[in-house]
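Just below is one structure, and these are the notes that go with it.
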Amino acid sequence: MVGKKLTLFIMSLLTALVLAACSDAGNENEQENTKQGNTEQENAEQGNTEQENNYDGNMDHSEMNHSSSGEIPEGLKEATNPTYQVGSTALLTTDHMEGMKGAEAEIVGAYDTTVYAVTYTPTTGGDKVEEHKWVIHEELKDAGDKPFEAGDEVTLEADHMEGMKGAKATIDTAKQTTIYMVDYTPTTGGEKVENHQWVTGDELSLSGK
């Protein structure tokens, strides 16, 4: 009788040990799966960030106004002899935003001005935006007649992206050129972008039409 009880006790003990071992293994597997899931999520987020940064250096254009009302800043003068005439078509060769490069654009405005790439910190907070392309002379506060030079500190009046208007900026590059406003349909699909501001002549090529 005693032997039978001892056997039952040993069997119960072994069963408990097996169950405990299985439970520990299950917890380890669950923790490992959780870690793997977190790693995959982190990798995905990193990939999204890298994709955002692929367009125009460190720029995130998720808040960029792709279309505009077509209203131009006061004092901006129409180009007298633009390479691309208003009403003509050209291919976009720039990748300011996803779906832009390779898209066919209609020229809806051509203007002679000084165009700037600028670095600024949004008024809404967040990371610094480096070498934003483009802001024109007439979109700077108290611009005056004399163009700014690289290194100058300015205040932005442009509202291309959230937190841009009113932000303090540093001029990265400056050049006198013809700037264009264009309509285009992204190569990635989606709605037509109207009155996009701005692209330069060297960001366009003849479409063959």
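For the sequence shown, the positions run -20 to -1, 1 to 189 when mature numbering (1 follows the signal peptide of the UniProt record, and there is no 0) is used. All C-beta atoms in this analysis are idealised placements derived from N, C-alpha and C, irrespective of residue type, glycine included. As the structure is a prediction and not an experimental result, all values here were calculated from the model.
Using only the alpha-carbon positions, how far apart do G124 and H117 sit? Your numbering for residue 124 matches position 144 in the sequence shown. Your numbering for residue 117 matches position 137 in the sequence shown. If I take the Cα positions, the gap works out to 9 Å.
Since S68 and I52 should fall inside the 8 Å C-beta cutoff, what is the C-beta to C-beta distance between them, to a whole number of angstroms? The sequence position of residue 68 within the sequence shown is 88, counting from 1. The sequence position of residue 52 within the sequence shown is 72, counting from 1. Rounded, the Cβ-Cβ distance is 19 Å, inconsistent with contact.
Could you give the distance in angstroms between the alpha-carbon of M107 and the alpha-carbon of G55? Position 127 of the sequence shown holds residue 107. Position 75 of the sequence shown holds residue 55. Inspection of the sequence shows that residue 107 is occupied by Asp rather than by Met. Computed Cα separation, rounded: 32 Å.
Less than 7 Å between C-beta atoms, sequence neighbours within five positions excluded: which residues of the same chain meet that for K148? As a first step, residue 148 is located in the sequence shown; it is residue number 168 there, counting from the start. Only Y100, E133 and T135 meet the Cβ criterion.
Runs of beta strand (DSSP E) wholly within the region 96 to 163 (minimum 3 residues, chain order): 109 to 116 and 133 to 135
Note down the Cα distance separating K121 from V115, rounded to an integer number of angstroms. On the sequence shown, residue 121 is found 141 positions in, with the first residue counted as 1. On the sequence shown, residue 115 is found 135 positions in, with the first residue counted as 1. Going by the C-alpha atoms only, they are around 12 Å apart.
First through last residue of the beta strand (DSSP E) which encompasses L71: Within the sequence shown, residue 71 is the residue found at index 91, counting from 1. T69 to L72 is the extent of the beta strand (DSSP E) around L71.
Ignore the nearest five residues each way along the sequence and tell me which others in A83's own chain have a CB closer than 8 Å to its CB. For this step, residue 83 is matched to residue 103 along the sequence shown. So the list reads L71, L72, Y164, T165, P166 and T167, once near-sequence residues are dropped.
Rounded to the nearest angstrom, what separates A85 and T150 at their Cα positions? Position 105 of the sequence shown holds residue 85. Position 170 of the sequence shown holds residue 150. Taking the straight line joining both Cα atoms gives about 30 Å.
CA-to-CA distance, L186 to M141, given in whole angstroms: The count along the sequence shown starts at 1 and reaches residue 141 at position 161. The count along the sequence shown starts at 1 and reaches residue 186 at position 206. In a straight line, the C-alpha of M141 is about 29 Å away from that of L186.
Confirm, please, whether the CB-CB distance from E111 to D152 is below 8 Å. Residue numbering aside, residue 152 sits at position 172 when the sequence shown is read from its first letter. Residue numbering aside, residue 111 sits at position 131 when the sequence shown is read from its first letter. Their beta carbons are under 8 Å apart, which means D152 touches E111 by this criterion.
Based on the DSSP secondary-structure assignment, which residues constitute the bridge partners of T94? Taking the first residue of the sequence shown as position 1, residue 94 is located at position 114. BP columns for T94 point to Q156.
For E171, the three-state DSSP class (helix, strand or coil): Within the sequence shown, the letter at position 191 stands for residue 171. Correct three-state label for E171: coil.
Assumed close pair A97, P127 - CB separation to whole angstroms, cut-off 8 Å: Looking up residue 97 in the sequence shown gives position 117. Looking up residue 127 in the sequence shown gives position 147. No, A97 and P127 are not in contact; Cβ-Cβ is about 14 Å, not under 8 Å.
Less than 8 Å separating the beta-carbons of T183 and T74? Start at 1 with the first residue of the sequence shown, and residue 183 comes out as number 203. Start at 1 with the first residue of the sequence shown, and residue 74 comes out as number 94. The residue asked about is misnamed: residue 183 is Glu in this sequence, not Thr. Result yes, Cβ atoms of E183 and T74 sit closer than 8 Å.
So the beta strand (DSSP E) L186 belongs to, where does it begin and stop? Sequence index remark: in the sequence shown, residue 186 carries index 206 (1-based). First-last of the beta strand (DSSP E) with L186: L184 to L186.
Which word fits E129, buried or exposed, when buried means at least 16 other C-beta atoms lie within 10 angstroms of its C-beta? By one-based count along the sequence shown, residue 129 stands at place 149. It is exposed - the Cβ of E129 has fewer than 16 other Cβ atoms within 10 Å.
Run through DSSP, which three-state label would G50 get? The sequence position of residue 50 within the sequence shown is 70, counting from 1. G50: coil per DSSP, three-state reduction.
Where G55 sits in the DSSP three-state scheme: Here the question's residue 55 lines up with position 75 in the sequence shown. Coil.
Using the DSSP secondary-structure output, state which residues sit across from A85 in a beta bridge. Position 105 of the sequence shown holds residue 85. DSSP output for A85 lists A70 and Y164 as bridge partner(s).
If I'm right that S49 touches V173 with Cβ under 8 Å, what's the distance once you round it to whole angstroms? The count along the sequence shown starts at 1 and reaches residue 49 at position 69. The count along the sequence shown starts at 1 and reaches residue 173 at position 193. Not a contact, Cβ separation roughly 13 Å.
Nonlocal neighbours in the same chain, by C-beta distance under 6 Å from M161, ignoring five residues either side: Stepping through the sequence shown from its first residue, residue 161 is reached at position 181. Only V88, G89, N175 and Q177 meet the Cβ criterion.
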